[in-house]
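In this text, residue positions in the first sequence follow this note's numbering: the first is 108, and each later residue adds one.
A quick write-up on the structure given underneath.
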Amino acid sequence: MLEDGLAPTKVTFLNLLDACISISSLEHGKLMHACISGCGLASDLALANALINMYGKCGSPEHARFVFEKMLERDVVSWTSMISVCAQHGLHKEAIKLFEEMQTKGVKPNRVTVLSVLGACASPAALAQGKLFHQYLVRNGFNYDSAVGNALINMYAKCGSLEDACSLFKKLAKRDVVSWNTLIAMYNQHGHADAALEAFRKMQSIGVLPDKITLLSLFEACASLAALEEGTSIHASFFDKQQLKLDSTMATALLNMYGKCGSLEDSRCIFNSLAERDVVSWNSMIVTYAQHGYGLLGLQLFSMMQDGYLEPDNITFIAVLSACSHSGLVQEGIHYFASMKMYHKFIPTMRHYGCMVDLFCRAGELGEAECVITNMPFEPDAAIRMMLLSACRLHGDVERGNRAALNLLELDPKNGAPYLVMSNLYAAAGLWDKVAKLSELMIAENVDRQSGCSIVYVKNKKHVFVVRDSFHPQKKAIYAEVERLSRLTKQAGYVPDLNLELHNTEEEQKEKLLLSHSEKLAIAFALISTPSKTTIRIIKNLRVCGDCHSFLKVLSKIVGREVVIRDASRFHHFKDGLCSCGDYW
DNA sequence: TTAGGGTTAG
Numbered sequence: 108m109l110e111d112g113l114a115p116t117k118v119t120f121l122n123l124l125d126a127c128i129s130i131s132s133l134e135h136g137k138l139m140h141a142c143i144s145g146c147g148l149a150s151d152l153a154l155a156n157a158l159i160n161m162y163g164k165c166g167s168p169e170h171a172r173f174v175f176e177k178m179l180e181r182d183v184v185s186w187t188s189m190i191s192v193c194a195q196h197g198l199h200k201e202a203i204k205l206f207e208e209m210q211t212k213g214v215k216p217n218r219v220t221v222l223s224v225l226g227a228c229a230s231p232a233a234l235a236q237g238k239l240f241h242q243y244l245v246r247n248g249f250n251y252d253s254a255v256g257n258a259l260i261n262m263y264a265k266c267g268s269l270e271d272a273c274s275l276f277k278k279l280a281k282r283d284v285v286s287w288n289t290l291i292a293m294y295n296q297h298g299h300a301d302a303a304l305e306a307f308r309k310m311q312s313i314g315v316l317p318d319k320i321t322l323l324s325l326f327e328a329c330a331s332l333a334a335l336e337e338g339t340s341i342h343a344s345f346f347d348k349q350q351l352k353l354d355s356t357m358a359t360a361l362l363n364m365y366g367k368c369g370s371l372e373d374s375r376c377i378f379n380s381l382a383e384r385d386v387v388s389w390n391s392m393i394v395t396y397a398q399h400g401y402g403l404l405g406l407q408l409f410s411m412m413q414d415g416y417l418e419p420d421n422i423t424f425i426a427v428l429s430a431c432s433h434s435g436l437v438q439e440g441i442h443y444f445a446s447m448k449m450y451h452k453f454i455p456t457m458r459h460y461g462c463m464v465d466l467f468c469r470a471g472e473l474g475e476a477e478c479v480i481t482n483m484p485f486e487p488d489a490a491i492r493m494m495l496l497s498a499c500r501l502h503g504d505v506e507r508g509n510r511a512a513l514n515l516l517e518l519d520p521k522n523g524a525p526y527l528v529m530s531n532l533y534a535a536a537g538l539w540d541k542v543a544k545l546s547e548l549m550i551a552e553n554v555d556r557q558s559g560c561s562i563v564y565v566k567n568k569k570h571v572f573v574v575r576d577s578f579h580p581q582k583k584a585i586y587a588e589v590e591r592l593s594r595l596t597k598q599a600g601y602v603p604d605l606n607l608e609l610h611n612t613e614e615e616q617k618e619k620l621l622l623s624h625s626e627k628l629a630i631a632f633a634l635i636s637t638p639s640k641t642t643i644r645i646i647k648n649l650r651v652c653g654d655c656h657s658f659l660k661v662l663s664k665i666v667g668r669e670v671v672i673r674d675a676s677r678f679h680h681f682k683d684g685l686c687s688c689g690d691y692w
């Protein structure tokens, strides 16, 4: 256009700024800004507003502010755009300040303005401001607007005030699909995936049709519950029959759902069917391979992604490093961590260091793991310290374990997990007096204990088992099946690992306790309740126990079933006497 | 030209 001697107009620049936003390129945006000034169009109100918006969306609130400050005249769109930029970057105090300032300058806010302010207040730190703003909205009659009502619910949800969000939802005069989506997303974000699915059923029962965003949230809920049947059924009913288009975002949610529900095949099938893959879909597929123990396939995918000239982002490296750590690829992990810094110029985040700690912990290189923790440029969080402590337990390192546990208790004295792991570590080392002391301390400190449980779905109904479970209506048949399986597996070579039963009791008693672990009760129940040859899927809230792991390997062979366990950190596929983790976890 | 709900992570 320039070569042809045609001068760009205001409309040309508006379109070009849009293009900068869609490729999220701050550099191109700055270039456009320079051209606009060069053409003498810098004082145009619409262009200045569009520049503020572009800078906000391209990640530079400072440049947006600069343009805003330089403006000779500002309309309601200018103020709203600047407030919206603050909202996008978590600057809630600035957003409120701008909102007050615009009114002193005599500019009247409209519904878009108040929606932007509500967006800025949607974070836990902004709850107090949000509540005050809510009062302003009521005083000025904005709360009758249905979008404002929904944004208010979202604000309370994001601030962690679920009660306020729910009570507002109940009071809404008209609940549209966005209201329901806000509620469902809130349940997901706060770990209540069951409630999210329940809300969806209610929404359907009163005839509100789901849209694309509803479905994305539902797949997320099914993923976190590992509810394969429900997820598959939602997939089938909304995509095959109603022909909703499967774009990259939706496909990613689906491939993630199948992966988290233990079906690697379905996950890969969705990935293969994608016409266009973005970095998020590649990341998800690599993570799925990592979690299922196929680290090398994950790395292969990473190299294919680069062959296609797609730039990895920082999450790609988390995926790649976790592929290494789950498969014992220590040298590869060290290599990718270095190349990420050197060639890709990424500054590692706490999560990247977390992956490195995990890599060394799983490999039993506890000294290296501790070294990463000591030398990283962050104060290690509880999750990283817990990785080290769990690894000390796994490798019987009492001294280092003591250190890690003390650090953890400093961070959160009420957390029961470090006490339990230490207690197991002492028990495995035969230090029964220390086990007893710890137990007294736990009672005195009144710590929160998280007990282990295993979940299995039969005909879409959830069955939860705990160790020595006595609640299940079919408990008699389940314990009889466990006894039968114990005899069969022992004949086939399973040797109970009495070192993993951490009570100071007689051997025979220990074996009995081992047999009542929640994993074994869940598998026994699944075997007597499902058709032969079908795959059994179990979800465990903690990591799978070593004895249950060797039991399940033998069992998968003698009963001719594939058993998939999702534990707190990965998947185990048991088939024909082997596990996909190759006994490395 | 500004706007309410959503996908990947140790």
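Think of the CB as a built atom: it goes at the ideal place given N, C-alpha and C, for glycine as much as any other residue.
| query | result |
| --- | --- |
| Are D576 and L621 closer than 7 Å when you measure CB to CB? | no |
| Looking at the unbroken beta strand (DSSP E) that takes in F572, where does it start and where does it end? | K568 to V573 |
| Is the beta carbon of V565 less than 7 Å from the beta carbon of S636? | yes |
| Helix, strand or coil, according to DSSP, for N390 in the structure here? | helix |
| Could you check the C-alpha separation between I480 and T423 for me, to the nearest Å? | 22 Å |
| At what residues does the alpha helix (DSSP H) containing V651 begin and finish? | Neither: V651 is in no alpha helix (DSSP H) and is coded neither H nor E. |
| Given a cut-off of 7 Å on the beta-carbon distance, is the pair L121 and A157 in contact? | yes |
| Are the region 628 to 644 and the region 594 to 603 touching by the rule of at least three beta carbon pairs closer than 8 Å? | no |
| Which parts of the region 465 to 496 are runs of the alpha helix (DSSP H), unbroken and 4 residues or longer, counting only runs that do not cross its ends? | 473 to 482 |
| What would DSSP say about Y443, mapped onto helix, strand or coil? | helix |
| Return the residue from the list V387, F345 and S344 that minimises the CA-CA distance to L362. | V387 |
| Please identify the residue among P525, W186 and L473 whose C-alpha is closest to the C-alpha of M493. | P525 |
| What's the gap between the Cα of S340 and the Cα of N379? | 21 Å |
| Can you look up V602 in the DSSP assignment and give me helix, strand or coil? | coil |
| Going by alpha carbons, who is nearest to N160 out of H140, K177, V192 and S129? | V192 |
| One question on the structure: do V437 and A476 come within less than 7 Å of each other, judged by their Cβ atoms? | no |
| Is the region 660 to 667 close to the region 406 to 417, with three or more CB pairs under 8 Å? | no |
| Where does H579 sit, in a helix, a strand or coil, going by DSSP? | coil |
| For the region 368 to 417, which segments carrying the alpha helix (DSSP H) assignment without a break, of at least 4 residues, lie completely within its bounds, in sequence order? | 371 to 380, 386 to 398 and 402 to 414 |
| Could you give the C-beta distance for V221 and F175, rounded to a whole number, given that I count them as a contact under 8 Å? | Not really, about 19 Å apart at Cβ, beyond 8 Å. |
| What does the alpha-carbon distance come out to for the pair D420 and F453? | 8 Å |
| Any idea what DSSP makes of N160, helix, strand or coil? | helix |
| Have a look at F485, V427, C127 and E418 and flag the residue whose alpha-carbon is nearest the alpha-carbon of S391. | V427 |
| So is R500 buried or exposed if we call it buried at 16+ other beta carbons inside 10 Å? | buried |
| Give me the Cα-Cα distance between E110 and Y460, rounded to the nearest whole angstrom. | 50 Å |
| Quick one: what's got a C-beta closer than 6 Å to A227's C-beta in the same chain, skipping five residues either side? | C193, A194, H199 and A202 |
| Would you kindly check if the distance between the Cβ of S331 and the Cβ of A300 is under 7 Å? | yes |
| Identify whether F678 lies in helix, strand or coil by the three-state DSSP scheme. | strand |
| Can the beta-carbon of F658 be found less than 7 Å from the beta-carbon of Y586? | no |
| In the DSSP assignment, find the alpha helix (DSSP H) that holds Y450 and state where it starts and stops. | Neither: Y450 is in no alpha helix (DSSP H) and is coded neither H nor E. |
| Check the C-beta distance from A333 over to I646 and give it rounded, since I have them as a contact under 8 Å. | 5 Å |
| Around the C-beta of G298, are 16 or more other C-beta atoms found within 10 angstroms, so that it is buried, or is it exposed? | exposed |
| If you compare alpha carbons, which of L403, D465 and W389 is closest to M412? | W389 |
| Only counting runs of 4 or more residues, tell me where the alpha helix (DSSP H) segments fall wholly within the region 269 to 331, in order along the chain. | 269 to 278, 284 to 296 and 300 to 312 |
| Would the beta-carbon of C376 fall within 7 Å of that of G338? | no |
| Measure the C-alpha to C-alpha separation of D354 and F345 and round it to an integer number of angstroms. | 14 Å |
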